[in-house]
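As they're listed, the protein sequences go chains A and B. Our numbering puts the first residue of the first sequence at 146, with every later residue one more than the last. Our numbering puts the first residue of the second sequence at 146, with every later residue one more than the last. Glycine residues also receive a C-beta, built at the ideal position from the N, C-alpha and C atoms. The structure appears below as structure tokens.
Protein chains: 2
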Amino acid sequence: MSNKADIKSLKRSPAYQLAEEALRKMIMEGKLKPGEMLPVEHDLADQLGVTRPTVREALRKLESSGLVVRGARRRMVVSAPSPRIASDAMLQAIVLHGISYREIWQMHMALEPMAAGLAAETIDMDLLSNIEANLRHTEDVLEDPEALVEADIEFHDLIARASGNHALLLARAPIGEFLFPAYGAVINKLGPGQRLLDAHRHVFNALKVNDAETARDWMTKHIRDFLRGCEMAGLPIDEPVHKVNQDWNLQRFQRESA
Amino acid sequence: MSNKADIKSLKRSPAYQLAEEALRKMIMEGKLKPGEMLPVEHDLADQLGVTRPTVREALRKLESSGLVVRGARRRMVVSAPSPRIASDAMLQAIVLHGISYREIWQMHMALEPMAAGLAAETIDMDLLSNIEANLRHTEDVLEDPEALVEADIEFHDLIARASGNHALLLARAPIGEFLFPAYGAVINKLGPGQRLLDAHRHVFNALKVNDAETARDWMTKHIRDFLRGCEMAGLPIDEPVHKVNQDWNLQRFQRESA
DNA sequence: TTATGTACTATTGTAATACAATACTCCAGA
DNA sequence: TCTGGAGTATTGTATTACAATAGTACATAA
């Protein structure tokens, strides 16, 4: 009637974890709503039946998952987690699992054409003129590697936003974080990007006439070109990204965490 | 010569945050490698020039981002964040930002064909025979909605793994979390999935002969079919996922957090 | 000899307390 | 109305201590 599978490992959770779960539950169930201030640490400690250090450990955990943030008067306020939390987690995973540039690029190869295709179907005049302005700007900075990379980033961001797909924006963020620095290295080696500008123009023209097929195709070409550029520049694309970034001194983790 | 933009807000970070960043940096840069044990709290405190409670707050933050986990002898060990961390963050973002089923599906529409295409180029005999076994199993459970969904999930997982792209696996996880329950709802309404089995078979055959093009095409058809199924079943695909899941009682967040 | 019990030790978990640093409030005074 | 400063609330950090637990080594009993 009893076998060893019945024993359920029983490990008590430490108090700081119980405290975290209690708070998290209150937030998830809506008893504490985003924007609301948490009680002060001392009161929290009393209410939860633990001491301040314990409460603080729980708060740090919630802080890291984005459920609370430091508010106006230094007080902790409940918050809906920002997309950055998800994006940062992804970024970390990419670095620490030794994912290669090629893998990142393959993702790019799936996502950017998708973005272009969707954008072609739904883009509005506003974003369209933004992209046009971006193209003009790109012409001007064709000889300035740094500015060119920035313009390129903006172009792709605009397309992604034009796609109207928020899941795409989430997934794209960490990808770009790695690829665009690499592009900087490529144009430093191979010179300015006339091909880049051409491709961007073709995509733009396709968006203008709502031609999803063509937008996708040109974007695909464009991304493939990028990989060729990396290969020609000698970037070891099958190495883990963190290694490549180290060896090439690519700027990364630029975003300050505060 | 000086305007107010010059003043850079200067806010000193608290010590627990500096400590966290110091440790995080060491981990991200590979000075502390996954699997390695951290020094005991007391020593950490000494090395960082802070006290134990402060170190503990930093550790709780790292714990929440998955960079360290409780190891064998209760000691903290460095860890490559499990995909779960990234996936959970993404999931949270998807829910809390009111992303719609259509948006999730569009991502699926980009990622699954990509997976199939890559898999066709690189798949090995081992995984291929796994997929074959999965197909045979799928035939058997065609009349059992629950088992069928499970088989479907397994099929797509196998393809994704066969792609050899770890970034794809990361990005795919939260997507599937939402879509597969929906598929369950669809077959409950529309009956068994002969079309599903056909599509799976075509993809498999393409993989077998390393025909990436065909694998991609059939997967695309398959995913498009899935959306049609959702529409026919009356699933309100333009509503935020969390709302749909509520209304339809789809199983979600099944994964226990402990 | 093997197994069981037992003290010992290292480390984490938690409490209690204290004080410094800072941000906010409010009031006096120019 | 603005400025400056005292008072206060709250967070940030240190200090110390002790309880709980997992690992270790050794002793004892079968």
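Cut-off 7 angstroms between Cβ atoms - residues of its own chain near residue i, not counting five sequence neighbours on either side
i: Leu204/B; result: Val213, Met221
i: Leu263/B; result: Ser308, Gly309, Asn310
i: Val386/B; result: Ile239, Val240, Ile244, Ser245, Tyr246, Ile249, Phe323
i: Val195/A; result: Ala160, Ala164
i: Gly374/B; result: Val331, Leu335
i: Met171/A; result: Leu177
Residue nearest to residue i in terms of C-alpha spacing, selected from the options
i: Glu284/A; options: Arg247/A, Ala260/A, His345/A; result: His345/A
i: Tyr161/B; options: Arg229/A, Leu236/A, Glu257/A, Ser209/A; result: Ser209/A
i: Gln251/A; options: Phe371/B, Leu314/B, Glu384/B; result: Leu314/B
i: Ser232/A; options: Val200/B, Phe323/B, Ala316/B, Lys170/B; result: Ala316/B
i: Asp269/B; options: Pro385/B, Asn355/B, Asp383/B; result: Asn355/B
i: Arg169/B; options: Pro319/B, His242/B, Gly211/B, Arg373/B; result: Gly211/B
i: Val185/B; options: His347/B, Arg215/B, Thr267/B, Val286/B; result: Arg215/B
Sequence-distant residues of its chain with Cβ nearer than 8 angstroms to residue i (five each side left out)
i: Ile276/A; result: Phe300, Leu303, Ile304, Ala307, Phe349, Leu352
i: Gly180/B; result: Val222, Val223, Ser224
i: Pro159/B; result: none
i: Thr267/B; result: Ala307, Ser308, Gly309
Beta-carbon proximity check, residue i vs residue j, cutoff 8 angstroms
i: Leu129/B; j: Ala327/B; result: Nothing about residue 129/B can be reported from this structure: the residues present for chain B run from 146 to 403 only.
i: Met364/B; j: Ala261/B; result: yes
i: Ala265/A; j: Ala357/A; result: yes
i: Leu207/B; j: Glu165/B; result: yes
i: Arg340/B; j: Asp383/B; result: no
Residue i to residue j span [Cα, whole Å]
i: Lys366/A; j: Ala296/A; result: 19 angstroms
i: Pro258/B; j: Leu189/B; result: 48 angstroms
i: Ser274/A; j: Arg361/A; result: 19 angstroms
i: Phe325/B; j: Ile298/B; result: 7 angstroms
i: Glu376/B; j: Gly338/B; result: 15 angstroms
i: Arg201/B; j: His253/B; result: 40 angstroms
i: Arg157/A; j: Arg157/B; result: 37 angstroms
i: Ala343/B; j: Thr199/B; result: In the sequence as displayed, the identity of residue 343/B is Asp instead of Ala. C-alpha separation (whole angstroms): 59 angstroms.
i: Arg197/A; j: Arg197/B; result: 14 angstroms
i: Leu256/B; j: Ala255/A; result: 6 angstroms
i: Asp191/B; j: Met182/B; result: 17 angstroms
i: His242/A; j: Gly321/A; result: 17 angstroms
i: Arg281/A; j: Leu272/A; result: 14 angstroms
i: Arg219/A; j: Arg219/B; result: 34 angstroms
i: Ile368/B; j: Ala234/A; result: 28 angstroms
i: Lys176/B; j: His187/B; result: 20 angstroms
i: Gly372/A; j: Val294/A; result: As written in the sequence, residue 372/A is Leu, which differs from the Gly given in the question. Going by the C-alpha atoms only, they are around 15 angstroms apart.
i: Lys178/B; j: Val286/A; result: 41 angstroms
i: Thr359/A; j: Ala167/B; result: 48 angstroms
i: Met173/A; j: Pro319/B; result: 19 angstroms
i: Ala217/B; j: Ala217/A; result: 41 angstroms
Own chain partners of residue i with C-beta closer than 6 angstroms, once the 5 adjacent residues on each side are dropped
i: Leu163/A; result: none
i: Ile152/A; result: Model confidence at Ile152/A stands at a pLDDT of 45, short of 50, so the residue's coordinates are unreliable; what they give is reported in the following sentence. Contacts found: none.
i: His347/A; result: Trp363
Tell me, please, whether the stretch 287-306 of chain B touches the stretch 330-350 of chain B by the rule of three or more beta-carbon pairs shorter than 8 angstroms. yes
Would the stretch 224-236 of chain A and the stretch 237-248 of chain B be scored as touching if the rule is three or more Cβ pairs under 8 angstroms? yes
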